[in-house]
Ligand SMILES: *[C@@H]1O[C@H](CO)[C@@H](O)[C@H](O)[C@H]1NC(C)=O
Ligand SMILES: *[C@@H]1O[C@H](CO)[C@@H](O)[C@H](O)[C@H]1NC(C)=O
Ligand SMILES: *[C@@H]1O[C@H](CO)[C@@H](O)[C@H](O)[C@H]1NC(C)=O
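In the UniProt record's numbering, the protein residues as written are 1 to 353.
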């Protein structure tokens, strides 16, 4: 993974002096980064499209938050797919958004959606906490009274539209090729952001003597990112295969429609879409970006995707035995010490051949 996790890790590769400043963990460092020249940093981050580099140069404070958002997306992807043959790893070119899958599969769809949502989430959160210039709380939701429901907007409403717009400008800017994959990626980016937007929450607080709620103020908050991850995992399970329609005179890919006989339907906004079937992810394969399952932990008794039969694709598994040791049966003695026994257990783990 490339950008900044833990904060400064990437920069440390390129600019040790910046790392020293950033590793103090303070956002004060950002002004120092600006002083050192956004040019230096932005030119050295690999895999940025020209428009992304321009955004990086004009908003060096945002690039750190973008990196954290992309990393949050990758972490969530690894969590959601921890029991799968595909565990969110890929061979191939490293970018800000991790490594990219070459095949336009439903797995690629998931990674695009989750990183676009991650960037929107991180930018929105940073705005609410006053960590970014040019944004803050949602100003449209201030002071307005909701007569029908008897509450008014108060506190700090998360400005998710700003975060989404920022994600759209930055994440979508990497789609520079005019091909079917571009349409697929843009659709999935948008689906991820839409799912985030739909999970925004309303929080309220009552005011008045002993909680009598004579007045009530409400504000919008971001959902936990885990919730977005679960939702997108469901979308992944129900992902829709699409094909590209070349409608213009130049026969350029123009829009996507659901791939079915005699279907002229477009996918829904929040559908994850894919244009190619997934490889089985059993073996390492540079052509598909699959890293294979050799060496993966598997569960000998599970019948699910993490079971050794499925995970190891019939190649069999190795058994590793070890002894787990821990303190047990601890008793408190008067006065004052604790005495424990040492317990141990032989344990086995299994890894794919
Ligand atoms: C905002 O900045 C503070 C102080 O540096 C930091 O602790 C916090 O994690 C940041 N919040 C976000 C959402 O980036
Ligand atoms: C995913 O699987 C690969 C291949 O077995 C392994 O090298 C990698 O560490 C795994 N990643 C995670 C996050 O578990
Ligand atoms: C293996 O799978 C079984 C059955 O699904 C489950 O009960 C058990 O807890 C799993 N073991 C590990 C180590 O995850």
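From the three backbone atoms N, C-alpha and C, an ideal C-beta is built for every residue, glycine too.
query, result
"So within the segment 292 to 338, which uninterrupted beta strand (DSSP E) runs reach at least 3 residues, ignoring any that extend past its ends?", "317 to 333"
"Between which two residues does the alpha helix (DSSP H) carrying residue 85 extend?", "That residue, residue 85, is in no alpha helix (DSSP H); it is neither H nor E in DSSP."
"Of all the options 77, 143 and 223, which has the alpha carbon lying nearest to the alpha carbon of residue 354?", "This structure leaves residue 354 out entirely; the chain is present only between 1 and 353."
"Hey, residue 351 and residue 295 are a contact pair by Cβ (cut 8 angstroms); roughly how many whole angstroms apart?", "6 angstroms"
"So does the segment 83 to 93 actually touch the segment 297 to 311, counting three or more Cβ pairs closer than 8 angstroms?", "yes"
"Going by beta carbon distance, what residues of the same chain come within less than 7 angstroms of residue 306, once the five residues before and after it are set aside?", "83, 298 and 299"
"Just verifying my parser: in three-state terms, what is the DSSP assignment at residue 22?", "Unreliable positioning characterises residue 22 in this predicted model, as indicated by a pLDDT of 36, which lies under 50. A coordinate reading is not provided."
"Nearest CA to the CA of residue 321: which residue from 44, 346, 334 and 342?", "346"
"Assuming the contact rule is C-beta atoms closer than 8 angstroms, residue 222 and residue 114 should be a hit. Round their C-beta distance to whole Å, please.", "Actually they are not in contact, since the Cβ atoms of residue 222 and residue 114 sit about 15 angstroms apart, beyond 8 angstroms."
"Using CA atoms only, rank isn't needed, just tell me which of 93, 135 and 229 is closest to residue 196.", "229"
"When we look at the beta-carbon of residue 176 and count the other beta-carbons within 10 Å, is it buried (16 or more) or exposed?", "exposed"
"Which residues in the same chain have their Cβ closer than 7 angstroms to the Cβ of residue 188, if we skip the five residues on either side of it in sequence?", "109, 112, 113, 272 and 273"
"Whole angstroms are fine: how far does the CA of residue 138 sit from the CA of residue 1?", "Its pLDDT being 28, under 50, residue 1 is placed unreliably in this model, and the coordinates cannot settle the point."
"With a threshold of 8 angstroms, are at least 3 pairs of Cβ atoms found where one atom belongs to the segment 51 to 61 and the other to the segment 100 to 107?", "no"
"Taking 8 angstroms as the cut-off, is the beta-carbon of residue 294 closer than that to any non-hydrogen atom of ligand 2?", "yes"
"For residue 57, report the span of its alpha helix (DSSP H) as first-last.", "50 to 58"
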